[in-house]
Structures are given as structure tokens and as C-alpha cells.
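I have placed the structure first, in the form of C-alpha cells, so that the comments after it can refer back to it.
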Amino acid sequence: MYITAIVLVIVNALMQLINPTISQLIVDKVLAPVDGNSRIDLLVPLVLLLIGFTLLRTSIGYLQLMSFEKSCTGFLANVRSYLYRNMQRQDMGFYDKNRTGDLMTRLTGDLDAVSHAVNWDVRITVEGIVLFTSVLIYFISIDPLLTLILCVILPFIFLCSFTYSRKVRPYYRGLREKLAVMNSRAQENIAGNRVVKAFAREDYEIGRFDTCNSDFSAANLKVNKYWLTFYPFIEFSAQALSIVVLLVGGIFVMKGRITLGQLLAFSSLTGLFARPVRLLGNILNDMQRFGASIEKVIELYYSRPMVVSRVDSTKKDCKVEGRITFDQVSLKLGGKEILHDITVDIKPGETIAIMGNTGSGKTMFVNLIPRLYDIASGSLCIDGVPIKEWDLPTLRRGIGMATQDVFLFSDTVDGNIAYGNSDMSEEDVKHYAEISAADFVERLDEGFNTLIGERGVGLSGGQKQRLALARALAIRPSILILDDTTSAVDMETEHFIQNSLNNLDFVCTKLIVAQRISTTKRADRIIVLKDGRITEIGTHEELMKKGGFYTDICVLQEAMGAEEENEGGED
Ligand SMILES: Nc1ncnc2c1ncn2[C@@H]1O[C@H](COP(=O)(O)OP(=O)(O)O)[C@@H](O)[C@H]1O
Ligand SMILES: [Mg+2]
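Be aware that the sequence shown starts at 485, since it is given in my numbering, and climbs by one per residue.
So this is what it looks like as C-alpha cells:
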């Protein structure tokens, strides 16, 4: 359809020559005949021809616009959908690196600039080239000398346009970057509105956004001002063409070199001749914007994740059993080694508690199991198979994870719990909510159909954590990872959750990152991490005997025990 549209543009442009030709005939044969003998009988057929061609050209113009819009809209939708799909396949490293606002800009503003280029700019360029060459040939066939005089002005216009486009290029990159920064700022502000309000920093945020906004406007203005310094020259030169035609053409008519009809044709075609030259600046302008945007779109289009299933992945469509074997594993992120020499063998059904100070690598340790990051050295096997040989979706479907910062979708409670499996029955959803101590759902106005997240009711931290737990459990995982999932629930609820986790009706290896001894005590083994290394590993009793970090924490918490039990409420 796009090619058809371009062909129609060419036909339409060529047809623009027909009407001036007919007008020339009307003048030369009927109105002001050169040989003094007026063919009045030709007037009506020529005028009818004029009307006929005008109608035809309008119809072709209509078809051409329709096909352009249709094909470009379709193209845009396809590219956007591809970009979105490609973005879904990216690994964690990609999301660590790219700002949300920047990615949003690629899917919206950048794509718009690209679509404008393939729609408007391509059309105008093709039309311009056809018009310019055909009119040029037409002019030469009438009077080469007059054509030559007209063409003397052209290099000047070209020069102006090219200088402009070369100088303005870096500004367009800056402009695009500033738009992305502004979008990121707005997105962050909306996402972090709680923090802003808590610190009463609204004015500060407004100020920060205003800076971005005025930076963007200033950059925009700069580009436009730049254009305006060139615009008068280009416009003046284009107008000068008409003056030259009237002046020189007039003299030529008086000298009898060309006819009045030919002058008329010349004069009406001068506008068409000058148009592409005049629009050259606009097109080059758009091309710069296009260049800045397409770079970003292509980057996303061809961006390939590092963490992918191998084509020869042996473990496809089977079930994870839950054995996890770390052997001298290390993890590097951004050139820094975060985990060192991790060795531990976890049996199916075992419960492992993970403790350690903040920043000790607990989250990163558990992130390795669903292969959110790839290990740098050593070996990590799930059910005895190296993790890279697992088909990613198969592996991840076997792992239920509740991340440290809970993210719930703006959907119903029901939809959130059944996120991992949309076909889940209502009873199942209720069952998993129950074992996750999410009984508060029953008390919400619309129960499981209550909308939560962005558009719906707000939930407390502890409530969100319990929904996240229900969501993780609902897929009946063989490996359950809870990263500080009960940190915001009260002791009593935590105890309840502990009990349900111990009595699950399926075999499940559990890795629980926790701070409270009451949780870790009941684990089969406890891993203590310090600066990315396992410093202690064993049962509660073993570690208590050892007298290390774990013992210290135990003693500390027991001393505070009585107090905490009284005041440790839900946040
Ligand atoms: N995306 C990341 N890129 C680079 N370093 C990271 C990233 N996320 C966390 N880190 C670093 O890894 C270390 C361990 O972090 P983490 O596992 O989150 O600790 P915690 O034990 O508190 O869960 C920290 O020093 C942190 O700065
Ligand atoms: Mg953490």
C-alpha cells in the first residue's frame, strides 16, 4: 500500500503540469492568438478538459492521502508492537540501565517523529523531486534561456538549506534528550508522590520540573530560532523566482521570444517549481528530528537481552523439582563483584532462611535462582542441570517469588493473585489468600473484586506483602522465594504465615530472606551473608553454638523480644 501511495504521489505530481498546459492553450489559441485568428470553438472543450483533469487529480490526491495514512498508521502500530514485545524480553540489566521516562519517550514521541518522516517527509520529497524535474524539463522545452536565469537563484537556496541542516543537527539530539529527561522526571514524581508529600517537597519538585520544562522549551526555541534565521533567505529567494519570471518573461513576450500563454504557464508553474526548494529546509529540519529519534528507536528495536534461553536448552516443558546447587558462584554487576564464592546445596522441600545486613547481597543471591542475572563464575544448577540449560519460562514458572519492594498491578485483588495463572478458579484464589493471611480482603468493599493499585484503594505495606505472597503461592511453585516478605506484618500474622508455609499441600523448596529470629529459627538451615559471602551456614542450634553474627542478632532480638511483641504492629 505504501508503494501504491508513492506511485500515486508521482502520478499526482505529474498531473500538476497538465492544467497550466491547457491554460496556455486557452490563452494562445483563444484569448490572445499569436496569429490573430481566434479559435473560439476550442474554448468549451478546453475548459471541460480543465475541469475533468482537476477532478481526476483531486481523486488521485484523495486516494494517495488515504493509502499513505493507512499504510503509515499500520506500519507505526506494527513497529510499536514489536518494540513493546522486544522490551518485554529484555533482562534485568536493561531495566537497571534505562530510565522509565526514556523508554516511554521511545514508544511515543520518538515513534511519532519516525512516523511523521515516513508519512509527510517521504511524500513531500518524492513529490518535490518529480515536480522539480518535470517542471524543469517543461521550462526548458518552452525557453531554455528563461529557465537558466531562474536556475541562477537556486544554488543560493540549496546552500541556505544545507548549512542550516548541518548546524542544527546537534541541537535536535539535545532536544530529544531533554524531552526524555522531562518525561522521566514527571514519571518519577508521580511514582514517588508519597515521598514528595511526606517531605513536603512539592515546591521543590515543581521547581525541578520547571527547570526541565524550560530547558526543553529553550532548546525547542533555539532550534526554531535557528530555522528563523535561515527562513527569510529561503523565502525571499523563492519569491524572487516569481519576480524574475514576470520581469524577464515580460520582456521576452514583448520581444516576441515567447507567447503570452507560455508566460502564463511559466508563471503558474513557478510556484510549483519553488515549492520543493522552499520545503527543503523543512524536510532537512524534520530529518534531524527523525535522526535523533530513529537512533533511539533502533537501539530498542535491536536491543537483545543477555539472559536468554539457549536454543538447545534441554529442560523444556518439564517441572522444576526444587534442588538448587551453588558451587563457588560469583556475580558481577557493572564491573563490581557483588557475590563471591557462594557454595551451598539446597535439597527439594528444604526451608532456608537468609540473613545478613542490608547490602550484604541477600536479594542478589535469591535473584540468581530465577536467572534474573547471570552468574560470572562457578556453577549454579537447578535439579542438577546448569541453569543456562533451562528454558527460561519453564524455569521461572516453577519459581514463586515475592520481591522486596512489592509491586501490584492496577487490577482487582483477584486479578493480582491469579497473575501467574489467569485460569485460576475463584476457590483457589481464596484458598491462597487464606494461607497468606490476606483475610483483610473479605473486609474490602468489593472483596476480591476491589480494584487496587493506581486506580483503586490503597493498601498498607503489610497487606500488599500478603497479596504478593498469595500471588507467589498461587502458581504452586517448586521453589518459593520470599525476600523480606513478612517484614511489614505483625508477629502474630507472621506466625500464621509460617505455619501455612510449613503445611503446604505441595513440595516446595523455600528461601526466606528474613530479619526476625522467630522466622529463621524454624528453617532447616540458615545462611548468613556478609559483603556477598556466606559467613555462617547451619541450623539454629549450630549457629547459636558458633557464636557469630547470628548469635549476636539472636541475643539482641531476645533482649528486645518482650517489647517488640507488644508494639510490633502492622505498618
Ligand atoms: N542493579 C544493581 N547493579 C549494581 N549493583 C547492585 C544492583 N543492585 C544491588 N547492587 C549492589 O549489590 C549489593 C547487594 O545488594 P542486595 O542484594 O540488594 O542487598 P540486600 O542484602 O540488602 O538485599 C549492594 O552493595 C548493592 O549496592
Ligand atoms: Mg534486599
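Glycine included, C-beta positions come from ideal geometry on N, C-alpha and C.
Rounded C-alpha distance that separates Met-485 from Phe-552: 8 Å
Three-pair Cβ contact test at 8 Å for the stretch 714–724 versus the stretch 775–788: no
Where the alpha helix (DSSP H) containing Arg-569 begins and where it ends: 527–572
Extent of the continuous beta strand (DSSP E) to which Gly-843 belongs: Where Gly-843 is concerned, there is no enclosing beta strand (DSSP E), given that its DSSP letter is neither H nor E.
Local conformation of Arg-583 per DSSP, three classes: coil
Any 3 or more C-beta pairs closer than 8 Å across the stretch 722–729 and the stretch 618–637: yes
Three-state secondary structure (DSSP) of Thr-809: strand
Distance cut-off 8 Å: Gln-947 Cβ against heavy atoms of ligand 2: no
Cβ-Cβ separation, Gln-947 to Phe-932 (assumed contact under 8 Å), whole Å: Phe-932 to Gln-947, Cβ: 14 Å. No contact.
Where the alpha helix (DSSP H) through Leu-995 begins and ends: From DSSP, Leu-995 is part of no alpha helix (DSSP H) but of the beta strand (DSSP E) over 993–997.
Bridge partners - Thr-835, DSSP secondary structure assignment: Lys-994
Integer-rounded CB distance, given that Phe-1033 should sit under 8 Å from Lys-1014: 7 Å
Reference Val-795, options Gln-999, Lys-872, Val-491, Ile-735, closest by Cα: Lys-872
Among Ala-684, Val-495, Phe-693, nearest to Ile-613 - alpha-carbon criterion: Val-495
Candidates Met-571, Asn-851, Thr-835, Lys-800: closest to Val-813 by CA position: Asn-851
Tyr-656 burial status per 10 Å Cβ neighbour count (16 or more: buried): buried
Beta-carbon proximity check, Gln-949 vs Ser-984, cutoff 9 Å: no
Beta strand (DSSP E) segment containing Ser-861, residue limits: 861–866
Beta strand (DSSP E) runs contained entirely in the stretch 967–1025, provided each spans 3 or more residues: 993–997, 1009–1014, 1017–1022
Contact belief for Leu-965 with Met-885 at Cβ below 8 Å, rounded distance in angstroms: The sequence given here has Ile at residue 965, not Leu. Rounded, the Cβ-Cβ distance is 4 Å, consistent with contact.
Segments of 3+ residues assigned as beta strand (DSSP E) that fall wholly inside the stretch 749–793: none
Three-way DSSP call (helix, strand, coil) for Lys-820 in this model: strand
Around ligand 1, Cβ to any heavy atom closer than 6 Å, ordered along the chain: Asp-580, Leu-817, Gly-818, Ile-822, Gly-840, Thr-842, Gly-843, Ser-844, Gly-845, Lys-846, Thr-847, Met-848
Closer than 9 Å to chain D by CB, Phe-640: Protein chains in the displayed structure number just one, and chain D is not present.
Asp-1055 (DSSP reduced to helix, strand or coil): The predicted model places Asp-1055 with a pLDDT of 44, which falls under 50 and marks its position as unreliable, so this point remains unresolved.
Buried/exposed call for Arg-523, threshold 16 Cβ in 10 Å: exposed
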